[in-house]
Each structure stands twice: as structure tokens, then as C-alpha cells.
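Enquirer:
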Amino acid sequence: MVQNGKVLYLGVSDTPAWVVSRANQYARDHGMAQFVVYQGRWSAAVRDAEREILPMCRAEGMAFAAWGAMGGGAFRSEQDRKTVAARSSGLVNDPAYIKVSYALEQVAKRKGASITQVALAYVMQKTPYVFPVIGGRKVEHLKSNIGALRICLHQEDLDEIDDASTFELGFPMGFLYGLVPEQKYRLGAPLDATHSGTILQHVPPQEAIRYSG
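Position 76, counted from 1, in the sequence shown is what full-length UniProt numbering calls 76; the numbers after and before it change by one each time, with no gaps.
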């Protein structure tokens with residue numbers, strides 16, 4: 001389709017990391033167009049993509065289009081949750097989402113922003129080249145989403161939100177970080193293995209662009 005001029009760039013959605021990597025390697029080996037963007041679920045409450053997908057995107061030079069970044073409407077302030085919880089049977093009442101919502105709300109209060117704006121800023125500023133898939137029924141929703149671009153989250157803010165989630169690294173990264181309990185897991189940060197006598201040299205990972213106005 002690229003050769004016929006019907007599409008300019010290729011994207012892939014909801015596919016295992018190893019499949020995407022092998023497809024891109026095949027494309028490189030045969031002079032074909034590679035996948036340049038991956039669409040998948042990622043939010044402050046659902047961080048599975050951090051295990052394999054997002055590191056793969058970094059290695060392959062791919063962007064990431066995050067769907068579900070605003071929690072599917074489940075990220076609510078404490079006051080708002082009291083209003084909707086009684087008539088909702090969804091994730092609004094899920095303890096995991098409540099805990100993450102509380103962390104988002106604390107950061108939002110400091111930034112003078114809404115919970116959903118902080119939720120969007122979280123995925124955009126945690127790693128480079130993230131473009132959330134957003135939606136809304138009103139113009140106000142769109143304006144509010146755009147307002148997330150004017151929020152600057154510091155590493156302490158990201159850590160606070162991360163600490164509220166129940167995300168588990170799984171094997172092997174969970175095992176490796178268990179060997180260096182003094183080092184906190186951060187997406188994209190190299191694992192320090194100097195405890196084993198190993199000397200690591202690496203290029204500092206690229207950081208996401210943050211609002212500086």
C-alpha cells in the first residue's frame with residue numbers, strides 16, 4: 001500500500017512487541033516500510049505497556065498513540081466520585097482507580113488543573129513521542145484536553161502517580177530490580193548493575209518535551 005501511494009506511513013495496534021519487532025526487522029531487511037507508530041492502551045492506572053511495548057517503541061524509533069489515557073471516565077475527583085459512584089457500576093468504584101484518582105487529584109490541585117488534564121500530561125511527559133487518543137462530546141472537553149499541553153510534570157509528580165498504581169514489572173525486570181532494591185523503576189531509565197561489579201555506559205535516554213511557559 002505504501003508502494004502504491006495509498007498510505008504514507010504504517011501503524012500497528014494491540015499487537016505483541018515481538019511481532020512488531022520481527023515485522024520491522026523483515027521490513028528493514030527487504031527495503032520495505034516499517035511501522036512508525038503503535039496504538040495501545042496506557043494510562044496511570046493501566047501500565048502494562050511499560051513492560052515490553054513502550055521499551056520496544058523506544059528501540060524501534062516508534063511513536064505511541066495511547067488509548068484509554070483518561071481512564072475511560074473513571075478518573076474522578078473525590079467530590080465528583082460521590083456524585084456518580086452511587087449510579088455507576090464501572091471502574092469509578094474500582095479501588096485501584098480510586099487510589100490513582102486520588103494521586104492525580106493531589107497533583108492537579110498543585111498545578112491548578114483538572115484530573116483528566118494531569119492524566120493526559122502523565123502519558124505525554126513520561127516518555128517521548130506519545131500522542132493520546134482523545135474524545136469528547138462537547139467543545140469544552142476538547143479545550144480541556146488541549147489544556148493538558150500547558151502542564152509541566154516534574155519527576156516527583158510522575159513518581160507520586162506511579163506509586164499509586166498496582167503495576168508489577170513481571171519477569172525479568174521485576175527480578176532484576178529486585179537485585180537492586182535501592183533503585184526505583186522508572187520507564188526508560190537504565191538499570192544500574194554496578195552492584196555486581198559491572199560497569200555500564202549508556203547514552204542518556206531522550207526525555208519528553210515539557211511545557212516551559
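Note that the Cβ used here is the ideal one computed from N, Cα and C, for glycine as well. The model shown is predicted, which means the values in this text are computed figures rather than measured ones.
Can you look up Leu-142 in the DSSP assignment and give me helix, strand or coil?
Expert: Counting from 1 along the sequence shown, the entry for residue 142 is found at position 142. In this structure, Leu-142 counts as helix in the three-state DSSP scheme.
Enquirer: Give me whichever residues DSSP pairs with Val-12 in a beta bridge.
Expert: Within the sequence shown, the letter at position 12 stands for residue 12. Val-12 is bridged to Tyr-38.
Enquirer: I'd like the list of long-range same chain contacts for Asn-24, defined as Cβ closer than 7 Å, with 5 residues on each side in sequence excluded.
Expert: Here residue 24 is taken as the residue at index 24 of the sequence shown, counted from 1. Excluding residues within five positions, the ones whose Cβ falls inside 7 Å are Gln-34, Phe-35 and Glu-60.
Enquirer: Where does Ala-103 land, buried or exposed, given buried means 16+ other C-beta within 10 angstroms?
Expert: Numbered from its first residue, the sequence shown carries residue 103 at position 103. Buried is the call here.
Enquirer: Taking Pro-172 as the reference, which of Ser-165, Ala-74, Arg-51 and Gly-73 has the closest Cα?
Expert: In the sequence shown, the residue the question calls residue 172 occupies position 172. Taking only the C-alpha atoms, the option nearest Pro-172 is Arg-51.
Enquirer: Check the DSSP bridge columns for residue 215 and list the partner residues they point to.
Expert: The shown model of the chain, from 1 to 213, leaves out residue 215, and the question about it has no answer.
Enquirer: Please name the residue, chosen from Asp-80, Ala-74, Met-56 and Leu-153, that lies closest to Val-118 on a Cα-to-Cα basis.
Expert: In the sequence shown, the residue the question calls residue 118 occupies position 118. For the residues Asp-80, Ala-74, Met-56 and Leu-153, the minimum Cα distance to Val-118 belongs to Leu-153.
Enquirer: Buried or exposed: Gln-79, going by 16 or more other Cβ atoms within 10 Å of its Cβ?
Expert: For the purposes of this step, residue 79 is identified with residue 79 of the sequence shown, where counting begins at 1. That one is exposed.
Enquirer: Classify Ser-13: buried if its beta carbon has 16 or more other beta carbons within 10 angstroms, exposed otherwise.
Expert: Along the sequence shown, read from residue 1 onward, the residue named residue 13 stands at position 13. With fewer than 16 other Cβ atoms within 10 Å, it is exposed.
Enquirer: Examine the Cβ distances between the region 40 to 49 and the region 97 to 115 and report whether three or more of them are shorter than 8 Å.
Expert: Result yes; three or more Cβ-Cβ pairs closer than 8 Å.
Enquirer: Could you have a look at Val-130 and say whether DSSP puts it in helix, strand or coil?
Expert: By one-based count along the sequence shown, residue 130 stands at place 130. Correct three-state label for Val-130: strand.
Enquirer: Could you tell me the boundaries of the alpha helix (DSSP H) in which Ala-96 lies?
Expert: Taking the sequence shown and counting its residues from 1, the one referred to as residue 96 is at position 96. Taken as a continuous stretch (DSSP letters only), the alpha helix (DSSP H) holding Ala-96 covers 95 to 111.
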